[in-house]
Amino acid sequence: MKKSGMRPWFYILPALLFLTFFLVYPSIRTFHLSLLDRRSTAFVGIDNYRFAFTSRAMLIAFRNNLIWLVLFTLFTVGGGLVIAVLMDKVKYEPFAKSIIFLPQAISFVGAGVIWRFVYDHRPGVGLLNAVLTFVFPDMQPIGWLVNSDTATYAVIVTGIWVWTGFSMTILSAAIKGISDEIEEAARMDGANAWQMFWLITVPLISSTIAVVATTMVINVLKVFDLVYVMTAGRYDTNVIANQMYVELFITRHNGRASAIAVVLLLAIVPIMLLNIRRFQEQEALR
Amino acid sequence: MSEERSARYAPKIDVQKFLARLPLHLVIVLIVVIWLVPSLGVFVNSVRIPREIRSSGWWTAADNLFAAETWTLENYEAVLDAQGMARSFLNSLIITIPATLIPILIASFAAFAFAWMEFPLRLALFSIVVGLLVVPLQMTFVPVFRAYANVGLTGTFPAIWLAHTGYGLPFAVYLLRNFFGALPKDLFESAFLDGASYQQSFFYLALPLSVPSLASLAIFQFLWVWNDLLVALIYLGGTPRVAPLTVRVANLVNSLGADWHLLPAAAVISMLLPMIIFLALQKYFVRGILAGSVKG
Chain D
24 MKKSGMRPWF YILPALLFLT FFLVYPSIRT FHLSLLDRRS TAFVGIDNYR FAFTSRAMLI
84 AFRNNLIWLV LFTLFTVGGG LVIAVLMDKV KYEPFAKSII FLPQAISFVG AGVIWRFVYD
144 HRPGVGLLNA VLTFVFPDMQ PIGWLVNSDT ATYAVIVTGI WVWTGFSMTI LSAAIKGISD
204 EIEEAARMDG ANAWQMFWLI TVPLISSTIA VVATTMVINV LKVFDLVYVM TAGRYDTNVI
264 ANQMYVELFI TRHNGRASAI AVVLLLAIVP IMLLNIRRFQ EQEALR
Chain A
4 MSEERSARYA PKIDVQKFLA RLPLHLVIVL IVVIWLVPSL GVFVNSVRIP REIRSSGWWT
64 AADNLFAAET WTLENYEAVL DAQGMARSFL NSLIITIPAT LIPILIASFA AFAFAWMEFP
124 LRLALFSIVV GLLVVPLQMT FVPVFRAYAN VGLTGTFPAI WLAHTGYGLP FAVYLLRNFF
184 GALPKDLFES AFLDGASYQQ SFFYLALPLS VPSLASLAIF QFLWVWNDLL VALIYLGGTP
244 RVAPLTVRVA NLVNSLGADW HLLPAAAVIS MLLPMIIFLA LQKYFVRGIL AGSVKG
């Protein structure tokens, strides 16, 4: 490094301006707006937060984000790990992994359309009902996306389909980073595949698993597109980010929309602090 | 076991090994098929007769696989023309190309400074960038939307270029700084000793050495912007003149009704370019994922 005076500031100034105008300042402003009324003219105290924490729409959204949190995170991380381990052992690994990874290239809108054709309630059209009524001829076809008992889960499965490839890719790279000697030594000691997985693979890549799980938790909190395209929040599938959109553009209540955004931010703050700390620890080692 | 014997029994051992591994292969094939079939269905449906799409599953096309009357391109003609998807495709390109290039340009300068220059608050400022990586965009919509409305930018391309630049920058700066920082230290130190300016070491060392990294970032940002629905909905609204593919397809989904059979063709048009780019440049995409995986 060399001494540099003002020069570095010219390099970072455009970035700082954009970050300030589009992220930092608006975020601070949103805190303020969340305490004002619909048109941001009068102070209303915590009214908008009362709405955010007690209205029926938001309670359903909280419940659903929680279901998402558990199922989506579990299956994207767990599924991605299992697939990475299985495929690590075959020659056609690159091809097979590409197929799992491919949904990452397409939009949630595209994924939503794709899965609407899987979930269609007519067994003649929807693949899932066609398979089920073929295997169980007595079964009535199920309207997966138009039934409050199933719709949220159906959307979550689509999300898992999109994101498992992401976890698989990162975890697969971590698995390939485990030294062959360790695996060989474990095998010489008579470890079977199951023991290898739980006693060697999982502990050695645990920090990567944590990073991937964090990413998935962030995805859960931000989930919007899939719900918007697949159910538009109907059939008890509402999520926090969708309700924010509804308040912003349908009911046009800026105070409530802002309060919901703040709730989302607060949920993400622990992860934010964790990331910053992790970065600063890495930096200390550099 | 002697060399001779193992050689003689080798083929048999291979068969045993294959049989032992057969369940593994079957499980993998099953997983791959489950992942592939939903997309396959939409691709097949997109070239079927509208009446057939509405009344029967795409898999029944296999019954008349080689019959000319099974297949048609009329859905594509209909969505490109009547549904305005051709216009939307163009809009998506007009939105995505500047919204990919501008943040990369701005981020590379900042990332270079964060990686190789000494200045006060360097660590603190970069920590803020790391924090901003995960800020929900929802936090910014109301104020930015109002600011745009005040200056008449709502519903214009510059509005969304600027927004995507702001939103994409934390990740772009973070990723490029990781890449620049991983370049050999000696290189820069000897360049500085030889009297190279920052400008020279940026343009003649850091950038040329980071072309693959810039490619990783470009693919990320391209896919992110191309596939974005939310930011386009907020700042472009429903204006058909400027609507990108994602907004158009989402509208088609929610209108349902008479145009339902056009969904597969519309979805395929929106997915084609990102899929091609992804498959062609997967290597760079994976690099980006591995280098920047704190990003949400």
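Keeping their order, the protein sequence lines are chains D and A. With the first letter of the first sequence counted as 1, position 229 gets the number 252 in the working numbering; the numbers rise by one all the way through. With the first letter of the second sequence counted as 1, position 175 gets the number 178 in the working numbering; the numbers rise by one all the way through. Ideal Cβ placement from N, Cα and C applies to all residues, glycine included.
From D/G182, D/E270 and D/V132, pick the residue whose C-alpha is nearest to that of D/L244; which is it? Nearest in C-alpha terms to D/L244, of all of D/G182, D/E270 and D/V132, is D/G182.
Given this structure, state the Cα-to-Cα distance separating A/L93 from A/D189, to the nearest angstrom. Cα to Cα, A/L93 sits roughly 46 Å from A/D189.
Starting from A/W74 and walking both ways along the alpha helix (DSSP H), at which residues does that stretch end? Taken as a continuous stretch (DSSP letters only), A/W74 belongs to no alpha helix (DSSP H), as it is neither H nor E.
Just verifying my parser: in three-state terms, what is the DSSP assignment at D/R257? Collapsing the DSSP output to three states places D/R257 in coil.
Beta-carbon proximity check, A/V137 vs D/I291, cutoff 9 Å: In this structure, A/V137 sits near D/I291, with a CB-CB distance shorter than 9 Å.
Say whether chain D places a C-beta atom closer than 9 Å to the C-beta of A/D17. With 9 Å as the cut-off, A/D17 does not count as an interface residue toward chain D.
Check A/F122 in the structure and name its three-state DSSP category. Residue state, collapsed to three classes: coil.
With a threshold of 9 Å between beta carbons, is D/M267 in contact with chain A? D/M267 belongs to the set of residues whose beta carbon lies under 9 Å from a beta carbon in chain A.
9 Å Cβ cutoff, A/G44 in contact with chain D: Chain D, which has a Cβ nearer than 9 Å to the Cβ of A/G44, makes this yes.
Other residues of its chain near A/A166: CB distance less than 7 Å, five sequence neighbours each side excluded: If we look at A/A166 and ignore the five residues flanking it on each side, its Cβ neighbours are V147, V234 and Y238.
Quick check: the Cα distance between A/S193 and A/P187, rounded to an integer number of angstroms? Answer to the nearest angstrom: the Cα atoms are 11 Å apart.
Are the C-beta atoms of D/I83 and some chain A residue less than 9 Å apart? No, because no Cβ of chain A sits closer than 9 Å to the Cβ of D/I83.
Strand pairing of D/F66, partner residues [DSSP]: When beta bridges are read from the DSSP output, D/F66 appears opposite D/L59.
Where the alpha helix (DSSP H) through D/Q303 begins and ends: It spans N277 to L308 - the alpha helix (DSSP H) in which D/Q303 sits, taken as one unbroken run.
Output, in sequence order along the chain, the residues in the stretch 123-139 of chain D whose CB is closer than 9 Å to any CB in chain A. Of all residues in the stretch 123-139 of chain D, only I123, F124, L125, P126, Q127, A128, I129, S130, F131, V132, G133, A134, G135, V136, I137, W138 and R139 place a beta-carbon less than 9 Å from a beta-carbon of chain A.
Checking 9 Å against the spacing of the C-beta atoms, do D/L104 and D/V180 come in under that value? For D/L104 and D/V180, no; Cβs fall outside 9 Å.
Short-range partners of chain D found in the stretch 164-177 of chain A, where Cβ spacing is below 8 Å: Those would be L165, A166, T168, G169, Y170, L172, P173 and V176, in chain order.
By alpha-carbon positions, which one of A/M88, A/W229, A/G198 and A/L220 ends up nearest to A/A110? Nearest C-alpha to A/A110: A/L220.
For the stretch 85-99 of chain D, which residues have a CB atom closer than 7 Å to at least one CB atom of chain A, in sequence order? So the list is empty, because no residue satisfies the distance condition.
Note down the Cα distance separating A/T73 from A/A64, rounded to an integer number of angstroms. Distance between the alpha carbons of A/T73 and A/A64 is about 7 Å.
For D/W217, does the count of other Cβ atoms within 10 angstroms reach 16, so buried, or fall short, so exposed? With a threshold of 16 other beta carbon atoms within 10 Å, D/W217 falls short and is exposed.
Determine whether the beta carbon atoms of D/L194 and D/I137 lie at a separation below 9 Å. Contact flag unset, no.
State the Cα-Cα distance for the pair A/V35 and D/P126, rounded to the nearest angstrom. Going by the C-alpha atoms only, they are around 12 Å apart.
By alpha-carbon positions, which one of D/L97, D/L271 and D/F302 ends up nearest to D/N71? Closest in C-alpha terms to D/N71, from the list D/L97, D/L271 and D/F302, comes D/L271.
Could you compute how far the alpha carbon of A/L172 sits from the alpha carbon of D/L39? Roughly 9 Å between the two C-alpha positions.
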